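**Q** If you scroll down you'll find the structure; I have some questions about it.
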Amino acid sequence: MAGDRDTADRYFEPQVETMARDQLRARQEERVVELVEYAYANSAFYRALWDEHGVHPRDVRTLDDFRARIPFITKDMVRAHRARTGDPFGGLLCVPTEELTSVSSSSGTTGDPEFFAEIWEGAPPLVTAQVRDLWELGLRPGDRVLSPPGTFRNLMDAGFQALGAVVIEVDTWMGNMPEVVEALRTYRPAYLQMMYPQMVELEHLADTTDLKEAFSSLKGASCAGQPLSRKMRERIREDWGIDVYEYTSAADTGTAWECREHDGFHLWEDTVFAECVEVDEHGWRDAAEGDLGELVATDLDNRAAPLIRYRSEDLVRLSRDRCGCGRTHARMWVAGRRGDETLVQGRSVVLRDIWQAVEDQPETVAGVFQIVRAGREVDELRLRVGYDPRLTGDVDALAGRLGEAVRERTGVKPVLDLRTEEDLLKTMTSVAKFPRVVKS
């Protein structure tokens, strides 16, 4: 809880992190009004889109004006502009390319990677506000961090160094976990940055490696790419002796992290204006506080290529109640992606139900599974599920139990393809994320 440590120790930027909601909203409104004028003047994409909708910056003087007049954008709209014009930034770029410090990309899990233009002394997409999250985790100046060399979304090194930490680069990709464990023992870092597939691979070293001893120097570790199953998180805490902090995308405007309360992902609202909406053929409306809706995000700190009213396709619950940690910024709980619902002979099947059935089996507790489908509507539910061969004596018996568990959760008897977790993770086409819905 917030009272368990001194405020100066708990918050990196206490004035911002605990800002009153009315002050936070006033800051967002001021920035949004400036942003609309700036983007209209400098972005070919927004100027064309807003002209088409009869919107001019003079029409936007408040947040209410912004939400009433500025249209949503989608990833496909940006991709279409890119395909039509050949502009790699899809018309979003608001500065000359010579002003850019770097260009990074998304993981490309759901399609072609998106490009992110970055100006480092301004606000690169993932680094600036993320320092607050690392501070909350316990990272302090002088601490060592074990960081994977990145091939997307840029390196976190600038963020670690801004905090005063010492960066140790180690290749943490698939197949290198013994080397990671050795590096942990050699350098004794305070923090380890990981992705979901590597966490699964580390589990397999538990029989031959004292992971609790290897991880004993850590104040915490982070994990992204896919949520950890509830049971896997508990096992990591008990067997490895570390606290894992999950983080996720804030609709491509940055990241959202858990705090020590582990009760939702914090959205830093001085950097992103977040909306939770329900969209249908008749238009859109706000989702009620705590109800499921689609996350729509607007960059407030990105002058290079801001996303404005960007539909993320992430289904979330959003709350602006003060967190137990004392922070006032909104939190979200992610339920899945809009396109992941599958209709099996008209019956709705969602990832959450399958996940619960899979993680309830000891051999598949890590939750490594995929829905295989050609489209959203199918005649049968085809599932690939990864199992831990150390725990599996009879694969046919597992298939029987698992098939029945899925049927009880979803009402649909699945067609199962069981593979070892290692084999299934090798099918990943993204460098970071394990796709839950695939075509083949």
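This note's numbering applies: residue 1 is where the sequence shown begins, and numbers increase by one.
Glycine is no exception: its CB is placed at the ideal position from the N, C-alpha and C atoms.
Computed from a predicted structure; not experimentally measured.
1. Are there three or more Cβ pairs, one per stretch, closer than 8 Å when the segment 247-259 is compared with the segment 296-316?
2. Could you work out which residue in G346, Q28, E30 and E422 is closest to G411 when comparing CA atoms only?
3. Give the secondary structure of D441 by DSSP, where H, G and I count as helix, E and B as strand, and everything else as coil.
4. At 4 residues or longer, and completely inside the segment 166-242: list those alpha helix (DSSP H) runs for me, N to C.
5. Pick helix, strand or coil for M156, following the three-state DSSP scheme.
6. In this structure, does DSSP put A335 in helix, strand or coil?
7. So, A129 versus L92, is the Cβ gap smaller than 9 Å?
8. Can you list, in chain order, the residues of its chain with a C-beta nearer than 6 Å to that of I236? Leave out the 5 residues immediately preceding and following it.
9. Which residue or residues does DSSP assign as beta-bridge partners of G283?
10. Is it true that the CB of Q15 sits closer than 9 Å to the CB of F273?
11. Using a Cβ-Cβ cut-off of 6 Å (strictly less than) and excluding sequence neighbours within five positions of A304, which residues of its own chain qualify?
12. How many Å lie between Q193 and Y387 at the Cα?
13. Let me check understanding here. Comparing Cα to Cα, which of D360, V438, R322 and R376 lies closest to R401?
14. So, with DSSP's three-state summary, where would you put L315?
15. By Cβ distance, which residues of its chain are closer than 7 Å to G90, with the 5 residues on each side in sequence left out?
16. Which residue from E99, R144, V365 and M19 puts its Cα closest to that of L228?
17. Considering only residues of the same chain and omitting the five flanking positions on each side of M177, which have a CB-CB separation below 7 Å?
18. If you draw a straight line from the alpha carbon of E136 to that of G220, how long is it in whole angstroms?
**A** Checking against the coordinates, here is how it stands:
1. Contact check between the segment 247-259 and the segment 296-316: three or more CB pairs, one atom from each, fall below 8 Å, which counts as touching.
2. Cα-wise, what sits closest to G411 is G346.
3. Lying before the first or after the last residue shown, residue 441 is absent from the chain, which here runs from 1 to 440.
4. Listed in chain order, the alpha helix (DSSP H) elements of length 4 or more contained wholly in the segment 166-242 are 177-187, 196-203, 211-214 and 230-235.
5. coil
6. strand
7. no
8. Cβ neighbours of I236 beyond the five flanking positions: V244.
9. D280
10. no
11. Around A304, the same chain offers V95, A117 and I119 as residues with beta carbons nearer than 6 Å, after the five sequence neighbours per side are excluded.
12. When rounded, the distance between both Cα atoms is 25 Å.
13. Out of D360, V438, R322 and R376, D360 has the C-alpha closest to the C-alpha of R401.
14. strand
15. F45, V78, R79, H81 and R82
16. Between L228 and the set E99, R144, V365 and M19, the nearest pair of CA atoms involves V365.
17. Same-chain partners within the cutoff: Q198, E201, L202 and L205.
18. 10 Å
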